[in-house]
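K.L.:
Chain order of the listed sequences is A and B. In case it helps, the numbering used here puts the first sequence at residues 1 to 408. In case it helps, the numbering used here puts the second sequence at residues 1 to 408. My questions all concern the structure below.
2 protein chains.
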Amino acid sequence: MPKPLKVVVVGAGFGGLEAAKILRESPRIEVVMVDRHPYQLFSPLLYQVATGALPEDDIAYPVRAAIPGVTFIRGDVVRVDPQRHTVQLFDGQHIDYDQLILATGSVGTTFGIPGVEENALQMKSIAEARQIKRRLLNTYEDVQEGRLPREALRVVVVGGGPTGVEVSGAVAEMQASMVREYPDIADHASVTLVEAGPRLLPSFSQQSSDHAKEELEQIGVTVKLATAVDRMYERDVHLKSGEILPAGTVVWAAGVAAPDRWADLGATGPARRLIVDDFLRLPDVPDVWVVGDTAAYTDSGTAPLPMVAPVAMQMGRHAARNIIALASGKLMAPFRYVDKGQMATIGRRRAVAETPQGIRLHGTPAWLAWLGLHVVYLAGGRNRVSVLADWAWNYLAWGIGPRRAIVE
Amino acid sequence: MPKPLKVVVVGAGFGGLEAAKILRESPRIEVVMVDRHPYQLFSPLLYQVATGALPEDDIAYPVRAAIPGVTFIRGDVVRVDPQRHTVQLFDGQHIDYDQLILATGSVGTTFGIPGVEENALQMKSIAEARQIKRRLLNTYEDVQEGRLPREALRVVVVGGGPTGVEVSGAVAEMQASMVREYPDIADHASVTLVEAGPRLLPSFSQQSSDHAKEELEQIGVTVKLATAVDRMYERDVHLKSGEILPAGTVVWAAGVAAPDRWADLGATGPARRLIVDDFLRLPDVPDVWVVGDTAAYTDSGTAPLPMVAPVAMQMGRHAARNIIALASGKLMAPFRYVDKGQMATIGRRRAVAETPQGIRLHGTPAWLAWLGLHVVYLAGGRNRVSVLADWAWNYLAWGIGPRRAIVE
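Listed below in structure tokens is the structure:
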């Protein structure tokens, strides 16, 4: 029997895990998965952890349990050496590969706006979501006890994409539920969503953008379009218009980019994403595959595919199938994205959803679609049960159910 | 209308919260609750957080939501000045009172055994339970990747009371479930329960003690009775017998005592507990009431009442009713504890329970009683729903359900 092909998958996100699940079925292939964390993060629900609607355990799933039989190495890949066919970890360890899949997602980017790095909170990891939750809840404590002014209860969210829309809606609903615990101060809380472009959810139709704005305003979010941030300080956000928004918490959801450590591997497109060929390989380094947010792939001649979970999952599966084809001496297939549509939730029973066929939902039907899809896609059976129970309770007990406690 | 009586309650545990809930019903009384944390901790389930069976959010409930209308101050009371009728917080703030209820629970105590403080993990707070969980789960990662020897998978629990029995049973079941994620190393894991006295659960009948030992051994716990710890090092526990137990994790559940900061307020009984009169006041300082673990009260002429939640709750309610009686010029009543029995869980479908009437349950019936009681007593509706869902899943998916992920 010939030596199996060794495939190293870097990143246990949506793309990497889908690739590993397919690769491990092939008897000719040995799969090694590398990630800094031993869990898969269900990142589309980070905003619910950040606003206390879900416990963090609900959106993390042990990687080893997700891909039994696959060798998992916990480590941070800092360098790829395509000549020697090795990746190097932060601790100095080298792992050799025959084929490499980079599925390393994206990181927040501040566009160099002064003060963002120091004063705004990002929401790309559980640690960051936890930080937002603690800031939001602790601010109520601190204002209640006079350690912070009431203006600290104001929240500014920057970025009108799905993440910004979802987090500002969730913050507004959290603020509404705080009246019972902090009756004296709760009505000083507010949330403002700031978007530099002319509308929210730019990847959606104009109609969905309008619905999203309307529904956010109905639950108390102030939406500021065509409004750019000039700089930030500890206690306020300065807009390019000269207006100053006082804020105790600023959530930065305005932009993401591929990690900058891969920049020397090949040509990059917008947001530092590595340009890949039709088969999802680096054109000049054909044994390095790139999937998900890290990859720039244009299948229709226009902009690269969006940085969302469905793209990453389809790319991960496709790269894996092409590697299996290679190993079996069969023909590889070019990647084509099957767009099943997009959705964003706005609050309890409010969402927008649309498909490329022109189906557009908003309000409760869109929310139900969102709910069903997220439950189906949550990785573990256990997580699914917990999330459903928590959501059911949130939904039934709205206004009387307490927020998660501040546990430090 | 006369000025209301100001009652300060220190400690938002079982005793303090029960007191506050009764006091706030009286129009003649103003209640102020002080605690270091803004949440009530359901401490009897800490061992489930420590072993990854429940997320920490499930056992913490926001204090302000539990007692709406009561002024809550987050702070650490470091001193009581009975002459001036004030308590002093760590930050220097003073709060004056007419009547004071100390409900400050207990802290772990190491009996001065060398190395315990530095090397064993206690389990009195969420932070400590989280630390145990991280140690347990990270040890699997570290052994898997060769950073720790396989002996690190051995766990020693010191103390054969309810906490020690519950945590060692839960660790054994967690270890059994790890086979799927770590098939190469999981069978090197073990748990040893060490108790200095001649039997487990000394407050139970001999029959229940025997059952507990038998059931722990059935799920793989090694039980060592009449075995005292001499000293501890980072990697092993030295027993008085000369035997050395290698251990990557040592949980210290051998003893608790009242906080030492109250020692100058009055006479203390065993475990530094403040001796109280029949009405639950300090004999020499009659406007200071003490309830729960901090109080030593003997209602039958024998040992002080045990440091358990039912005693604290009954004491809290009783002190509150006596204060209301005082405020209304009515007669106070002496405290009598109504013992409804005690129980300890050993594992999935295994527990022991007994009542003072001589009813003794073990195995599944005792476990069902334990389950029902804990669900009824969990503070929040939401927490109850989440805990039930998590337990249902744990129960149904035993052996296939993944552990909580290591989230840092």
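We put the CB at the ideal spot given by N, CA and C, even for glycine.
1. Please determine if the region 308-325 of chain B and the region 6-26 of chain B are in contact, where contact requires at least 3 C-beta pairs separated by less than 8 Å.
2. Taking 9 Å as the CB-CB cut-off, is E30(A) touching chain B?
3. If you count every other CB in all the chains shown that lies within 10 Å of the CB of Q99(B), and 16 or more means buried, which is it?
4. Closer than 8 Å by C-beta to L280(A): which residues in its own chain qualify, once you throw out the five before and the five after it? Chain order, please.
5. Within the continuous beta strand (DSSP E) that includes P286(A), where are the two ends?
6. For chain A, find out if any of its Cβ atoms is closer than 9 Å to the Cβ of I73(B); answer yes or no.
7. Count the other CB atoms within 10 Å of the CB of S43(A); is the residue buried (16 or more) or exposed (fewer)?
8. Using C-beta distances below 7 Å, list every residue in its chain close to V63(A), excluding the 5 sequence neighbours before and after it, in chain order.
9. Starting from V49(A) and walking both ways along the alpha helix (DSSP H), at which residues does that stretch end?
10. Locate the alpha helix (DSSP H) running through I132(B), then write down its first and last residues.
11. What are the start and end residues of the alpha helix (DSSP H) that includes I22(B)?
12. Bridge partners of S328(A), per DSSP?
13. Just the C-alpha distance for S125(B) and L46(B), rounded to the nearest angstrom, thanks.
14. Just grab the DSSP bridge partners of D81(A) for me.
15. Can you list, in chain order, the residues of its chain whose CB lies under 6 Å from that of Y97(A), leaving out five sequence neighbours each side?
16. Using 10 angstroms around the beta-carbon of S205(A), count the other beta-carbons present and answer buried if the total reaches 16, otherwise exposed.
17. CB-CB under 6 Å to D277(B), same chain, minus the five flanking residues each way: which ones, in chain order?
18. Near I185(B), what residues of its chain come up, given a Cβ to Cβ distance below 8 Å and the 5 sequence neighbours on each side ignored?
19. For the beta strand (DSSP E) containing T222(A), list its first residue and its last residue.
20. Please list the terminal residues of the continuous beta strand (DSSP E) segment that includes A170(A).
21. Kindly provide the ranges of any beta strand (DSSP E) runs that are 3 or more residues long and lie completely inside the region 249-327 of chain A, ordered along the chain.
22. Work out the CA separation of V77(A) and H94(A) for me, nearest whole Å.
23. Let me check one thing: in DSSP terms, what residues is A351(A) bridge-paired to?
24. Report the partner residues of E30(A) according to the DSSP bridge assignment.
25. Check the Cβ-Cβ distances between G13(B) and every residue of chain A, and say whether any is below 9 Å.
26. Could one say the Cβ of E214(A) lies closer than 9 Å to chain B's Cβ atoms, at least one of them?
27. Ordered along the chain, which non-local residues of its own chain (more than five positions away) have a Cβ less than 8 Å from that of I400(A)?
28. Can you tell which of D91(A), F90(A), A172(A) and T268(A) has the C-alpha that lies nearest to the C-alpha of L193(A)?
29. Does DSSP put T104(B) in a helix, in a strand, or in coil?
30. Please check if any C-beta of chain B sits within less than 9 Å of the C-beta of R24(A).
31. Helix or strand or just coil, what does DSSP make of D187(A)?
32. Strictly under 9 Å for the Cβ-Cβ distance: is G399(A) near chain B by that measure?
33. What in chain A is Cβ-close to P68(B), meaning under 9 Å?
34. Work out the CA separation of A66(A) and K3(A) for me, nearest whole Å.
35. A60(A) by DSSP, collapsed to three states: which one?
36. Kindly identify the DSSP beta-bridge partner or partners of F111(B).
P.N.:
So, from the data block:
1. As far as the Cβ criterion goes, the region 308-325 of chain B touches the region 6-26 of chain B, which means the pair count is three or higher.
2. Within the first sequence, numbered from 1, the residue matching residue 30(A) stands at position 30. It does not: the Cβ of E30(A) has no partner Cβ on chain B nearer than 9 Å.
3. Against the second sequence, residue 99(B) aligns to sequence position 99. So Q99(B) ends up on the buried side.
4. Within the first sequence, residue 280(A) is the residue found at index 280, counting from 1. Sequence-distant Cβ neighbours of L280(A) in its own chain, meaning closer than 8 Å and more than five residues away, are W289, V290, V291, A295, Y297, M315, H318, A319, N322 and F335.
5. Within the first sequence, numbered from 1, the residue matching residue 286(A) stands at position 286. Per DSSP, P286(A) is one residue of the beta strand (DSSP E) stretching across V285 to V290.
6. Locating residue 73(B) in the second sequence gives position 73, counting from the first residue. Yes, because at least one Cβ of chain A sits closer than 9 Å to the Cβ of I73(B).
7. By one-based count along the first sequence, residue 43(A) stands at place 43. That one is buried.
8. The residue given as residue 63(A) occupies position 63 in the first sequence. Taking C-beta separations shorter than 7 Å and ignoring five residues to either side along the sequence, the partners of V63(A) in its chain run A12, M33, D35, P38, Y39, Q40 and F72, following chain order.
9. Sequence index remark: in the first sequence, residue 49(A) carries index 49 (1-based). Element bounds for V49(A): L46 to A50.
10. Here the question's residue 132(B) lines up with position 132 in the second sequence. Counting along the chain, I132(B) sits inside the alpha helix (DSSP H) bounded by residues I126 to Q144.
11. On the second sequence, position 22 is the one that residue 22(B) refers to. Per DSSP, the continuous alpha helix (DSSP H) segment holding I22(B) begins and ends at F14 to L23.
12. Stepping through the first sequence from its first residue, residue 328(A) is reached at position 328. None, per the DSSP bridge assignment.
13. Within the second sequence, numbered from 1, the residue matching residue 125(B) stands at position 125. Within the second sequence, numbered from 1, the residue matching residue 46(B) stands at position 46. Cα-Cα distance, rounded: 8 Å.
14. Indexing the first sequence from 1 puts residue 81(A) at position 81. DSSP output for D81(A) lists T86(A) as bridge partner(s).
15. Numbered from its first residue, the first sequence carries residue 97(A) at position 97. Shown here for Y97(A): same chain residues with a beta carbon closer than 6 Å to its own, the five before and five after excluded, namely K6, V8 and H85 in chain order.
16. Walking along the first sequence from the start, residue 205(A) turns up at place 205. With fewer than 16 other Cβ atoms within 10 Å, it is exposed.
17. Residue numbering aside, residue 277(B) sits at position 277 when the second sequence is read from its first letter. If the five residues before and after D277(B) are omitted, its C-beta is found closer than 6 Å to the C-beta atoms of P283, all from its own chain and listed in chain order.
18. Here residue 185(B) refers to the residue found at position 185 of the second sequence. Hits under 8 Å: Y140, V143, Q144, R150 and L153.
19. Locating residue 222(A) in the first sequence gives position 222, where the first residue counts as 1. Element bounds for T222(A): V221 to K224.
20. Here residue 170(A) corresponds to residue number 170 of the first sequence, with the count starting at 1. Here A170(A) belongs to no beta strand (DSSP E); instead the alpha helix (DSSP H) covers P162 to S177.
21. With a minimum length of 3 residues, the continuous beta strand (DSSP E) runs that stay inside the region 249-327 of chain A are 249-252 and 285-290.
22. Residue 94(A) sits at position 94 when you count from the first residue of the first sequence. Residue 77(A) sits at position 77 when you count from the first residue of the first sequence. CA-CA distance, H94(A) to V77(A), rounds to 9 Å.
23. Position 351 of the first sequence, counted from the first residue, corresponds to residue 351(A). BP columns for A351(A) point to T345(A).
24. Here residue 30(A) is taken as the residue at index 30 of the first sequence, counted from 1. BP columns for E30(A) point to K6(A).
25. Along the second sequence, one-based indexing puts residue 13(B) at 13. Under the Cβ criterion of 9 Å, G13(B) is not counted among the residues facing chain A.
26. Within the first sequence, residue 214(A) is the residue found at index 214, counting from 1. It does not; no Cβ of chain B falls within 9 Å.
27. Sequence index remark: in the first sequence, residue 400(A) carries index 400 (1-based). Legend: pLDDT at I400(A) = 48, less than 50; position of this residue unreliable, no value from coordinates given.
28. Translated into the one-based positions of the first sequence, residue 193(A) becomes position 193. Checked all of D91(A), F90(A), A172(A) and T268(A); the closest Cα to L193(A) is A172(A).
29. Position 104 of the second sequence, counted from the start, is the residue given in the question as residue 104(B). Correct three-state label for T104(B): coil.
30. As a first step, residue 24(A) must be located in the first sequence, where it is residue number 24. Under the Cβ distance rule, R24(A) does not count among the residues neighbouring chain B, no pair being separated by less than 9 Å.
31. Here residue 187(A) refers to the residue found at position 187 when the first sequence is read from its first residue. Of the three classes helix, strand and coil, the one that applies to D187(A) here is helix, per DSSP.
32. Numbered from 1 along the first sequence, position 399 holds the residue referred to as residue 399(A). At G399(A) the pLDDT is 48, less than 50, meaning the model places this residue with poor confidence; the figure from the coordinates comes in the next sentence. No, G399(A) does not count as interfacial toward chain B.
33. Position 68 of the second sequence, counted from the first residue, corresponds to residue 68(B). R180, E181 and P183, listed in chain order.
34. Taking the first residue of the first sequence as position 1, residue 3(A) is located at position 3. Taking the first residue of the first sequence as position 1, residue 66(A) is located at position 66. Our two residues, K3(A) and A66(A), have alpha carbons roughly 26 Å apart in a direct line.
35. For the purposes of this step, residue 60(A) is identified with residue 60 of the first sequence, where counting begins at 1. A60(A) falls in the strand class under three-state DSSP.
36. Working through the second sequence from its first residue, we reach residue 111(B) at position 111. F111(B) is not bridged to any residue.
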